[in-house]
Amino acid sequence: MDHNDTTPPGADIGVVGLAVMGRNLILNMDDHGFTVAAYNRTIERVDEFLAGDADGTRVVGVHSLPDLVAVLPRPRRILLMIRAGRAVDATLDDLIPLLDPGDIVIDGGNSYYRDTIRRTRRLEEAGLRFVGAGISGGEEGARHGPSIMPGGSAGAWPEVGPVLQAIAARVDGVPCCDWVGPDGAGHFVKMVHNGIEYGDMQVIAEAYDVMVRGLGMSHEEMRQVFTGWNDGTLDSYLIEITADIMGQLDEDGTPLLERILDAAGQKGTGKWTVIASMDVGEPVSLVAEAVYARIVSALRDRRVAAAAVLDGPDPAFTADRDQALSDLHDALYASKIVSYAQGFMLLRRAGLEHGWDLDLGRVASLWRGGCIIRSRFLADITGAYAAEPDLPDLLLSPFFAAELNTTQEGWRRTVARAVAAGIAVPAYGSALAFYDGYRTARGPAALIQAQRDYFGAHTYERTDRPRGEFFHTDWTGEGGDTTSTTYSV
0 MDHNDTTPPG ADIGVVGLAV MGRNLILNMD DHGFTVAAYN RTIERVDEFL AGDADGTRVV
60 GVHSLPDLVA VLPRPRRILL MIRAGRAVDA TLDDLIPLLD PGDIVIDGGN SYYRDTIRRT
120 RRLEEAGLRF VGAGISGGEE GARHGPSIMP GGSAGAWPEV GPVLQAIAAR VDGVPCCDWV
180 GPDGAGHFVK MVHNGIEYGD MQVIAEAYDV MVRGLGMSHE EMRQVFTGWN DGTLDSYLIE
240 ITADIMGQLD EDGTPLLERI LDAAGQKGTG KWTVIASMDV GEPVSLVAEA VYARIVSALR
300 DRRVAAAAVL DGPDPAFTAD RDQALSDLHD ALYASKIVSY AQGFMLLRRA GLEHGWDLDL
360 GRVASLWRGG CIIRSRFLAD ITGAYAAEPD LPDLLLSPFF AAELNTTQEG WRRTVARAVA
420 AGIAVPAYGS ALAFYDGYRT ARGPAALIQA QRDYFGAHTY ERTDRPRGEF FHTDWTGEGG
480 DTTSTTYSV
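When we follow numbering that gives the first Met the number 0, the leftmost residue of the sequence shown carries the number 0, and every step to the right adds one.
The following block contains the structure:
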């Protein structure tokens, strides 16, 4: 519809959704000199926000989408901070008829990247522009500087970039926000970020389990270890907050962690990462194990019942504690390297599949500040891609290959000790299995191909013939020459 351009602009950008992330992003924008129009479907939240956290700011409160549109100059910029899924589509249904050609809608939630591809197409067909912006950093990041990964309608970037880069975290003066690529690229990168986050949390949780059950450590001892680790190669936000968690006491002086139920929740981005990896044929086995570990943790009543009837060894380690902790550090670090390598393998392949032309070094740099997985380690990844932009795999970079060669003995000892003690370390174990499988020039899959050809005439390739030629053997003498169609998933 055509609106009256003489309507006096009252705001630079509109935000729909006043939950924690939406509120804090608005306050962040206000800190950086932007006037924000705030709207929430439950309008009482608008008035509460204006009377509370937004009191004394430039924030403009509106009570309807038409009011929101009316206070924004063209081209309008509207950021949606609402629950992913149907709520986004429902809001777009209401919003699109109110907008003019060239207006921009930004989805800042954790939307599924295929939904973002579809929504980008829908808005562009309506003459509008759409941006799917992954935003990481939680409540604190939103307020003081998150990592932002925008993608979608490329023509929108000059309009939204100044706002998003102004409010983003900065490392060495560079904003942790840059254009990622077309349609769903931004939300895909955010999805993989979250999958890697699942993996980071799992490798830390496995270290905690080994410290408690294998080494009998107190929470104060663990706090000191994690604090020390945060001064070295494992320096990261998640290690830092783990040390803080270990030091948190309940009202009676008991470590609070002992009273937190061991059943982990999840919102789906880890699962999406694993599904996407299967779609494009790249292994993210550590993230998959992290997702399944959360699923197993949620089976708490069944685990309690199983603990009463299923036997296992004494979990106490017999190794020297200092040596075991050193080895545990190396297992966590090496597994983390594998997890990130797998994540970037997925990003590289998906970028090729979707035509996104992802700059993997730049993606790593976007995660160096503001986001949950921010760490010293990401500077090493940025450096690896800066040295070799076409690097096919982080494990092949001289730096990371050397790190794995240095740490793998302790990694192997940790996995062996944990298995012998009956302590589950699915992330460490799966990362090590991937590493050993990946560095093996000839693996056992030849037998699998022979079996598939035997029972299903699925054919096989030969080592003495060019790739792409397929052969079939009449294994029983009763088969024939007819073969099944050759294809790969």
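Glycine is no exception: its CB is placed at the ideal position from the N, C-alpha and C atoms.
Owing to the predicted nature of the structure, the values given are computational and were not obtained by experimental measurement.
Task: Beta-bridge pairing of Ala36 - partner residues as DSSP gives them - done: Stepping through the sequence shown from its first residue, residue 36 is reached at position 37. Bridge partners of Ala36: Gly13, Val59.
Task: For Pro100, the nearest candidate out of Asp473, Arg121, Gly136, Asp54 (CA to CA) - done: The residue labelled residue 100 in the question sits at position 101 within the sequence shown. The alpha carbon of Pro100 has as its nearest neighbour, out of Asp473, Arg121, Gly136, Asp54, the alpha carbon of Arg121.
TODO: Rounded to whole angstroms, what's the CA-CA distance from Gly252 to Pro425? Just pull it up for me.
DONE: What you label residue 252 is simply residue 253 of the sequence shown in a count that begins at 1. What you label residue 425 is simply residue 426 of the sequence shown in a count that begins at 1. Approximately 32 Å, taken between the alpha carbons.
Open item on the list: Between which residues of its own chain and Ala262 is the CB-CB distance below 7 Å, once the five residues before and five after are set aside?
Closed with: Indexing the sequence shown from 1 puts residue 262 at position 263. Excluding sequence positions up to five before and after Ala262, its CB lies within less than 7 Å of the CB of Ser296, Ala297, Arg299, all in the same chain and listed in chain order.
Task: Whole-angstrom C-beta distance between Ala167 and Pro145, which should lie under 8 Å - done: Working through the sequence shown from its first residue, we reach residue 145 at position 146. Working through the sequence shown from its first residue, we reach residue 167 at position 168. About 6 Å separates the two Cβ atoms, so the contact holds.
- [ ] State the DSSP-derived secondary structure class of Glu468, mapped to helix, strand or coil.
- [x] The residue given as residue 468 occupies position 469 in the sequence shown. Here Glu468 sits in coil by DSSP.
TODO: Look at the alpha carbon of Ile103 and the alpha carbon of Pro74, and state the distance between them as a whole number of angstroms.
DONE: Working through the sequence shown from its first residue, we reach residue 103 at position 104. Working through the sequence shown from its first residue, we reach residue 74 at position 75. Looking at the two C-alpha atoms, the distance is approximately 7 Å.
- [ ] List the endpoints of the continuous beta strand (DSSP E) containing Arg76.
- [x] As a position in the sequence shown, residue 76 is number 77, starting the count at 1. Per DSSP, Arg76 belongs to the beta strand (DSSP E) from 76 to 79.
Task: Burial state of Glu402, where buried means 16 or more other Cβ atoms lie within 10 Å - done: What you label residue 402 is simply residue 403 of the sequence shown in a count that begins at 1. It is buried - the Cβ of Glu402 has at least 16 other Cβ atoms within 10 Å.
Open item on the list: Measuring only the C-alpha atoms, how far is Thr6 from Val59?
Closed with: Indexing the sequence shown from 1 puts residue 6 at position 7. Indexing the sequence shown from 1 puts residue 59 at position 60. Since pLDDT at Thr6 reaches only 38, below the 50 mark, its modelled position is unreliable, and the value read off the structure follows with that caveat. Near 15 Å, if we compare the C-alpha coordinates of Val59 and Thr6.
Open item on the list: Given this structure, state the Cα-to-Cα distance separating Ile259 from Val283, to the nearest angstrom.
Closed with: Residue 259 sits at position 260 when you count from the first residue of the sequence shown. Residue 283 sits at position 284 when you count from the first residue of the sequence shown. Ile259 and Val283 have their C-alpha atoms spaced approximately 29 Å apart.
TODO: Give the C-beta separation of Leu67 and Gly16 to the nearest angstrom, bearing in mind that I take them to be a contact with Cβ-Cβ under 8 Å.
DONE: Residue numbering aside, residue 67 sits at position 68 when the sequence shown is read from its first letter. Residue numbering aside, residue 16 sits at position 17 when the sequence shown is read from its first letter. Contact between Leu67 and Gly16 does not hold, since the beta-carbon distance rounds to 12 Å and is not under 8 Å.
Task: Selection from Arg367, Thr406, Asp310 that minimises the alpha carbon distance to Ala323 - done: To locate residue 323, count along the sequence shown from 1; it is residue 324. Ranking Arg367, Thr406, Asp310 by Cα distance to Ala323 puts Thr406 first.
Open item on the list: Rounding to the nearest angstrom, what Cα-Cα distance links Val35 and Asn193 in this structure?
Closed with: On the sequence shown, residue 35 is found 36 positions in, with the first residue counted as 1. On the sequence shown, residue 193 is found 194 positions in, with the first residue counted as 1. In this structure, the CA atom of Val35 is about 28 Å from the CA atom of Asn193.
Open item on the list: Let me confirm a value: Gly342 is counted as buried when at least 16 other C-beta atoms fall within 10 Å, else exposed. Which label applies?
Closed with: As a first step, residue 342 is located in the sequence shown; it is residue number 343 there, counting from the start. Residue burial annotation: Gly342 is buried, with at least 16 other C-beta atoms found within 10 angstroms of its C-beta.
Task: Length of the line joining the Cα atoms of Ala420 and Gly198 - done: For the purposes of this step, residue 420 is taken as the residue at position 421 of the sequence shown. For the purposes of this step, residue 198 is taken as the residue at position 199 of the sequence shown. When rounded, the distance between both Cα atoms is 23 Å.
TODO: Look at Arg113 and Gly185 and say whether their C-beta atoms are less than 8 Å apart.
DONE: The count along the sequence shown starts at 1 and reaches residue 113 at position 114. The count along the sequence shown starts at 1 and reaches residue 185 at position 186. Their beta carbons are not under 8 Å apart, which means Arg113 does not touch Gly185 by this criterion.
Open item on the list: Once the 5 residues before and after Ser325 are set aside, which same chain residues still bring their CB inside 7 Å of it?
Closed with: Translated into the one-based positions of the sequence shown, residue 325 becomes position 326. Excluding sequence neighbours, Ser325 sits near Gly409.
- [ ] Would you check if the segment 326 to 346 and the segment 371 to 390 touch, i.e. whether three or more CB-CB distances between them fall below 8 Å?
- [x] yes
TODO: Go to Gly421, then tell me how far its beta strand (DSSP E) extends in each direction, as first and last residue.
DONE: To locate residue 421, count along the sequence shown from 1; it is residue 422. From DSSP, Gly421 is part of no beta strand (DSSP E); its letter is neither H nor E.
Task: When Gly280, Tyr427, Pro314, Val308 are compared against Ile346, the one with the closest alpha-carbon - done: Here residue 346 refers to the residue found at position 347 of the sequence shown. Residue 346 is actually Leu in this sequence, not Ile. For Leu346, the nearest C-alpha among the options comes from Gly280.
TODO: Tell me whether the beta-carbon of Leu163 lies closer than 8 Å to the beta-carbon of Cys175.
DONE: The sequence position of residue 163 within the sequence shown is 164, counting from 1. The sequence position of residue 175 within the sequence shown is 176, counting from 1. For Leu163 and Cys175, no; Cβs fall outside 8 Å.
TODO: Can you grab the Cα-Cα spacing for the pair Gln265 / Ile274, in whole Å?
DONE: Position 266 of the sequence shown, counted from the first residue, corresponds to residue 265. Position 275 of the sequence shown, counted from the first residue, corresponds to residue 274. Near 15 Å, if we compare the C-alpha coordinates of Ile274 and Gln265.
Task: Cβ neighbours of Glu477 in the same chain (closer than 8 Å, five flanking residues each side left out) - done: In the sequence shown, the residue the question calls residue 477 occupies position 478. Nothing meets the Cβ criterion.
- [ ] Quick one: which unbroken beta strand (DSSP E) runs of 3-plus residues sit fully inside the segment 116 to 200? Chain order, please.
- [x] You should have 128 to 135, 146 to 151.
- [ ] Quick one: grab the DSSP three-state call for Ser374.
- [x] In the sequence shown, the residue the question calls residue 374 occupies position 375. Looking at Ser374 - three-state DSSP - the assignment turns out to be strand.
Task: Close-in-space but distant-in-sequence residues of the same chain around Asp11 (CB under 6 Å, 5 per side omitted) - done: Taking the first residue of the sequence shown as 1, we reach residue 11 at position 12. Cβ-Cβ distances below 6 Å link Asp11 to Phe33, Thr34 in the same chain, with the five nearest sequence neighbours on each side left out; the list follows chain order.
TODO: Could you pull the start and end residues of the alpha helix (DSSP H) that Asp106 belongs to?
DONE: Translated into positions along the sequence shown, residue 106 becomes position 107. Here Asp106 belongs to no alpha helix (DSSP H); instead the beta strand (DSSP E) covers 103 to 106.
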